[in-house]
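Protein chains: 2
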Amino acid sequence: MRTLEWQAERGALRLIDQRALPSELRFIELTSAGEVAQAIREMTVRGAPAIGVAAAFGLALAARHSRANSTGELLSDLHSNAALLRAARPTAVNLGWAIDGTLRVARGAASGTVEDIRRRVLDEAQRLANEDVDTNRRMAAYGADLVRDGDTIIHHCNTGALAVVDYGTALGVVRAAHEQGKRVHVLVDETRPRLQGARLTAWELGELGIPYHIITDGAAGHFLHRGQVQLVLVGGDRVAANGDLANKIGTYMLALAARANRIPFYCVVPLSTIDHSCPDGSAIPIEERDPSEVLELEVHGQRVTPRAAQARNPAFDVTPNELVTAWVTERGIVRAPFAANLAHLLAQGGPA
Amino acid sequence: MRTLEWQAERGALRLIDQRALPSELRFIELTSAGEVAQAIREMTVRGAPAIGVAAAFGLALAARHSRANSTGELLSDLHSNAALLRAARPTAVNLGWAIDGTLRVARGAASGTVEDIRRRVLDEAQRLANEDVDTNRRMAAYGADLVRDGDTIIHHCNTGALAVVDYGTALGVVRAAHEQGKRVHVLVDETRPRLQGARLTAWELGELGIPYHIITDGAAGHFLHRGQVQLVLVGGDRVAANGDLANKIGTYMLALAARANRIPFYCVVPLSTIDHSCPDGSAIPIEERDPSEVLELEVHGQRVTPRAAQARNPAFDVTPNELVTAWVTERGIVRAPFAANLAHLLAQGGPA
Numbered sequence: 001m002r003t004l005e006w007q008a009e010r011g012a013l014r015l016i017d018q019r020a021l022p023s024e025l026r027f028i029e030l031t032s033a034g035e036v037a038q039a040i041r042e043m044t045v046r047g048a049p050a051i052g053v054a055a056a057f058g059l060a061l062a063a064r065h066s067r068a069n070s071t072g073e074l075l076s077d078l079h080s081n082a083a084l085l086r087a088a089r090p091t092a093v094n095l096g097w098a099i100d101g102t103l104r105v106a107r108g109a110a111s112g113t114v115e116d117i118r119r120r121v122l123d124e125a126q127r128l129a130n131e132d133v134d135t136n137r138r139m140a141a142y143g144a145d146l147v148r149d150g151d152t153i154i155h156h157c158n159t160g161a162l163a164v165v166d167y168g169t170a171l172g173v174v175r176a177a178h179e180q181g182k183r184v185h186v187l188v189d190e191t192r193p194r195l196q197g198a199r200l201t202a203w204e205l206g207e208l209g210i211p212y213h214i215i216t217d218g219a220a221g222h223f224l225h226r227g228q229v230q231l232v233l234v235g236g237d238r239v240a241a242n243g244d245l246a247n248k249i250g251t252y253m254l255a256l257a258a259r260a261n262r263i264p265f266y267c268v269v270p271l272s273t274i275d276h277s278c279p280d281g282s283a284i285p286i287e288e289r290d291p292s293e294v295l296e297l298e299v300h301g302q303r304v305t306p307r308a309a310q311a312r313n314p315a316f317d318v319t320p321n322e323l324v325t326a327w328v329t330e331r332g333i334v335r336a337p338f339a340a341n342l343a344h345l346l347a348q349g350g351p352a
Numbered sequence: 353m354r355t356l357e358w359q360a361e362r363g364a365l366r367l368i369d370q371r372a373l374p375s376e377l378r379f380i381e382l383t384s385a386g387e388v389a390q391a392i393r394e395m396t397v398r399g400a401p402a403i404g405v406a407a408a409f410g411l412a413l414a415a416r417h418s419r420a421n422s423t424g425e426l427l428s429d430l431h432s433n434a435a436l437l438r439a440a441r442p443t444a445v446n447l448g449w450a451i452d453g454t455l456r457v458a459r460g461a462a463s464g465t466v467e468d469i470r471r472r473v474l475d476e477a478q479r480l481a482n483e484d485v486d487t488n489r490r491m492a493a494y495g496a497d498l499v500r501d502g503d504t505i506i507h508h509c510n511t512g513a514l515a516v517v518d519y520g521t522a523l524g525v526v527r528a529a530h531e532q533g534k535r536v537h538v539l540v541d542e543t544r545p546r547l548q549g550a551r552l553t554a555w556e557l558g559e560l561g562i563p564y565h566i567i568t569d570g571a572a573g574h575f576l577h578r579g580q581v582q583l584v585l586v587g588g589d590r591v592a593a594n595g596d597l598a599n600k601i602g603t604y605m606l607a608l609a610a611r612a613n614r615i616p617f618y619c620v621v622p623l624s625t626i627d628h629s630c631p632d633g634s635a636i637p638i639e640e641r642d643p644s645e646v647l648e649l650e651v652h653g654q655r656v657t658p659r660a661a662q663a664r665n666p667a668f669d670v671t672p673n674e675l676v677t678a679w680v681t682e683r684g685i686v687r688a689p690f691a692a693n694l695a696h697l698l699a700q701g702g703p704a
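Respectively, the protein sequence lines represent chains A and B. Read in our numbering, the first sequence has 156 at position 156, and its numbers run on one by one without any break. Read in our numbering, the second sequence has 636 at position 284, and its numbers run on one by one without any break.
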C-alpha cells in the first residue's frame, strides 16, 4: 500500500489522510492541482519526498483538466499550477525539484499534441513515484550497515512509508535492519507540535512489529547522556551545498545532544534533497506555521494553554553540517566533509 | 496570594490546584500528611521549593492529628510521616531538606510537651514559607542585573510564584527585571510532557503583563541559532556539589543549544537546592513518571498516540556544570567553576 497512488480508472490521486492516523486509516481522493496544494499545506500528505511526488501528480491533474486548445496554452496552465503547488510549503526542496522536472518533461513534449503532454506529465509523475520507492530501498540497504544488532536508535519526526511513496528514508533504514534480523529498539521523538513521531512513526513501527517507546523531544538528551543510545537517524527537507541540514524543528537540538555524547548522527536523504543553489543553511527558507498548532493541545479534554496565549511555530530548523556524522543517499554513504565527499561519490558513477 | 498557605482557623494547608490551571484558579485544602504526599506525587503542588514547604506543613498536620501521648511517640509518628512525604518525589532535594530541618526542630523540642512539638513544627513550616518568599526576592534582585532592557529570554518549565511559596526563582528574575521597567520578552518552552510552560508559566506571565510566546521545546535551538535570544533562565531541582544541575527534562538539551550559540545559561536556585552529599550529577536519582503523561495527549478531542503505544518518561535530566554560565542564589551570583566560587561566596558571609 502506497502513501499516494494514481487511480487510473477515476483519474484521481489517492492519498492516505495522515491527519486521521493513528485512530483511522482513511483515504482521500484528489482531482485537481488546487486540492493537491491544499493537501500539502494542511499536511494531509507530508514528508519531503511524498510532497514532491504529490505535486507531480498535481501537475498531471492540472494537465488532465486543462481546457487548453494548444500545447502553448497547456504549458502556460501548467506553469501557473506549478506556482500554486510550489508555494504550498517553502522548506522542502523536493517539492520544487519534482515540479521543475515535470515541467521540463512537459516542455520537452511541446512539439506534440496537448494529449501528448498530458500523457508525458502523468508518466513522469508515475516514474517519480516508482523511482522514489527504488531510491528508498537503496538508501535503506546502505544505511542498514550502520545499524548493529541490539542497537537503540533515536528517530525524529516521521520518515517512514508515510513520508515517501513507500518504504521510508531514516525509518526505512530501521526497517531494513529489522528485516535483516537485527534486533533494534527505537526511541521515538514525539515531535511537537504536529506529533508526527507519536502519531505516525509509532503507528508504522507498531505495524512493522519493531519495538519502540515514545519519548518527549526534550528527553532525547537524557537517554544519549546515559549511554542508552547507539545512533540517531533523521531524514531531511533540504540539504545545502555545504551539507547544512534543514529538517523538522527539534533536529538541531538532537544533533547537538548526539555530538556532545559522541553518538553518530545520520541523515538519510535522497540526492534530490540536496539544493546545490543554497550555499549554506542560512539561505534555506524556514516555514513558520500557524500558532494554533502549538496552542491547540488538550489533556483529558481540556485545552492546556491560556486563552490569550500567543505562540511562535517554526516548522524546521537548520543543523550545521559539522554535526552530521554522515549522509545516507541512494548512491552510498557520504561522510563529512560533505561537499568534497559528495563530489567524490558522484564522480565515481556507480549504481544510480 | 501564596501558592500554599496555612489556614489557622481550619487547621489545613490551602494550595492552588495546579492541575486545574490555566482554565480555572481552584484551591484545595489538605488536612493530613498523607494528603500532602499525594498532592506532591500528583503534582497538584510542584516546583522544588514549593514541595519542600508543603512537606513541612505535612509534618505540621501529622503532629496536629497524632494521638501520641508522649513526645517520644510523637517524634516516632513524625518520622514515619516524614518517610512517606520524602518518598513522594525523589529528585528535588528541597523536599528532603525541608523535612530534615523540620524533624530537627521537632527533636529539639523533645524535652517539652507534645503540644510544644506541635507548635514548634508548625512555626518551622511557617518560617520556611516566609523564608522562601524572602529568598526568592533576594535571588530576583541579584538575577535582574543579568537582564538588559530589550532582552528576549528562553525559560523552561515553570519557576514562577506557582513553583515556590510566592514570587518565583528563574521567573522571579524575569519579574524583577520587568518591575524595574526593563522591556523583556519571554520564549516559553511548553515543557512536555506536563506542559508546565504552556499551562503555568504562560498563565503567570499573562497575569503579570509580561509579553511572551509559547514555543515547543525543540524550537529553542532555532531561536538561539538565529540570534534572537539574549539569555536562558531555568530553576533547579537539585544541584550537586560540583554544580551539575538536575532540572526538568529538556533542560540539558537547552543548555547545549545555549552553549553552542554562546548565549548565557543561568540557573536560579536557593542554596537549599545544593546537595553537598551528591558529588556530581550521576549520583542524583532521576524520577521516571507514568508513561500516560506522554501518551494521553489529545488534539481536537482525539487521542494522538496508537492504543498499544509505550513510552519512557524521565521527569528530569542532568546538565553538566560546565554548561551553566552562573548560578543565581539568595547570597549572590556564583560563576563557574561552581564549587570553588560557591565556597568563596559562603565564606564572605554577607547578607544571608
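Idealized CB from N, CA, C, for every residue including glycine. As the structure is a computational prediction, the values presented were derived from the model and not from experiment.
Assigned exposure category for residue i - 16 Cβ within 10 Å defines buried
{"i": "histidine 344 of chain A", "result": "exposed"}
{"i": "proline 637 of chain B", "result": "exposed"}
{"i": "arginine 535 of chain B", "result": "exposed"}
{"i": "alanine 704 of chain B", "result": "Low confidence applies here, because alanine 704 of chain B scores a pLDDT of 42, under 50, leaving its location unreliable; read the following figure in that light. By the neighbour-count rule (16 or more Cβ atoms within 10 Å), alanine 704 of chain B is not buried but exposed."}
{"i": "asparagine 665 of chain B", "result": "buried"}
{"i": "glutamate 467 of chain B", "result": "exposed"}
{"i": "glutamine 7 of chain A", "result": "exposed"}
{"i": "proline 306 of chain A", "result": "buried"}
{"i": "methionine 1 of chain A", "result": "exposed"}
{"i": "phenylalanine 379 of chain B", "result": "exposed"}
{"i": "alanine 515 of chain B", "result": "buried"}
{"i": "arginine 362 of chain B", "result": "exposed"}
{"i": "proline 689 of chain B", "result": "exposed"}
The beta strand (DSSP E) enclosing residue i, as first and last residue numbers
{"i": "threonine 671 of chain B", "result": "668–671"}
{"i": "leucine 597 of chain B", "result": "597–600"}
{"i": "valine 591 of chain B", "result": "590–592"}
Span of the alpha helix (DSSP H), counted from its first residue to its last, around residue i
{"i": "glycine 281 of chain A", "result": "First-last for glycine 281 of chain A: undefined, no H or E at that position."}
{"i": "valine 53 of chain A", "result": "48–65"}
{"i": "aspartate 132 of chain A", "result": "114–144"}
{"i": "serine 378 of chain A", "result": "The structure shown does not extend to residue 378 of chain A, since chain A is modelled only from 1 to 352, so the question has no answer here."}
{"i": "histidine 344 of chain A", "result": "338–347"}
{"i": "aspartate 100 of chain A", "result": "93–108"}
{"i": "glutamine 390 of chain B", "result": "385–393"}
{"i": "arginine 354 of chain B", "result": "Counting along the chain, arginine 354 of chain B falls outside any alpha helix (DSSP H), and DSSP gives it neither H nor E."}
{"i": "arginine 611 of chain B", "result": "603–612"}
Opposing strand residues paired with residue i [DSSP bridges]
{"i": "phenylalanine 27 of chain A", "result": "A:Ile16"}
{"i": "glycine 520 of chain B", "result": "B:Gly512"}
{"i": "phenylalanine 617 of chain B", "result": "B:Val584"}
{"i": "tyrosine 212 of chain A", "result": "A:Val186"}
{"i": "histidine 507 of chain B", "result": "B:Val540, B:Leu585"}
{"i": "threonine 329 of chain A", "result": "A:Gly332"}
{"i": "valine 651 of chain B", "result": "B:Gln654"}
{"i": "glutamine 7 of chain A", "result": "A:Ala12"}
{"i": "alanine 311 of chain A", "result": "B:Ile566"}
{"i": "isoleucine 626 of chain B", "result": "B:Val591"}
{"i": "glutamate 640 of chain B", "result": "B:Pro666"}
Residue j beta carbon less than 8 Å from that of residue i
{"i": "threonine 568 of chain B", "j": "proline 193 of chain A", "result": "yes"}
{"i": "glycine 533 of chain B", "j": "alanine 400 of chain B", "result": "no"}
{"i": "threonine 543 of chain B", "j": "arginine 590 of chain B", "result": "no"}
{"i": "arginine 118 of chain A", "j": "valine 105 of chain A", "result": "no"}
{"i": "asparagine 158 of chain A", "j": "threonine 201 of chain A", "result": "yes"}
{"i": "leucine 623 of chain B", "j": "threonine 681 of chain B", "result": "yes"}
{"i": "arginine 199 of chain A", "j": "leucine 84 of chain A", "result": "no"}
{"i": "valine 133 of chain A", "j": "histidine 155 of chain A", "result": "no"}
{"i": "asparagine 242 of chain A", "j": "valine 234 of chain A", "result": "no"}
{"i": "alanine 402 of chain B", "j": "leucine 365 of chain B", "result": "no"}
{"i": "isoleucine 505 of chain B", "j": "leucine 583 of chain B", "result": "yes"}
Review point. Does the pairing of the stretch 482–498 of chain B with the stretch 524–533 of chain B give three or more beta-carbon distances under 8 Å?
Key: yes
Check your understanding: Contact between the stretch 406–413 of chain B and the stretch 387–394 of chain B: three or more CB pairs below 8 Å?
Key -> yes
Review point. Looking at C-beta atoms only, is the number of pairs between the stretch 317–335 of chain A and the stretch 362–379 of chain B that lie closer than 8 Å three or more?
Key: no
Check your understanding: Is the stretch 264–272 of chain A touching the stretch 204–223 of chain A in the sense that three or more CB pairs, one from each, lie closer than 8 Å?
Key -> no
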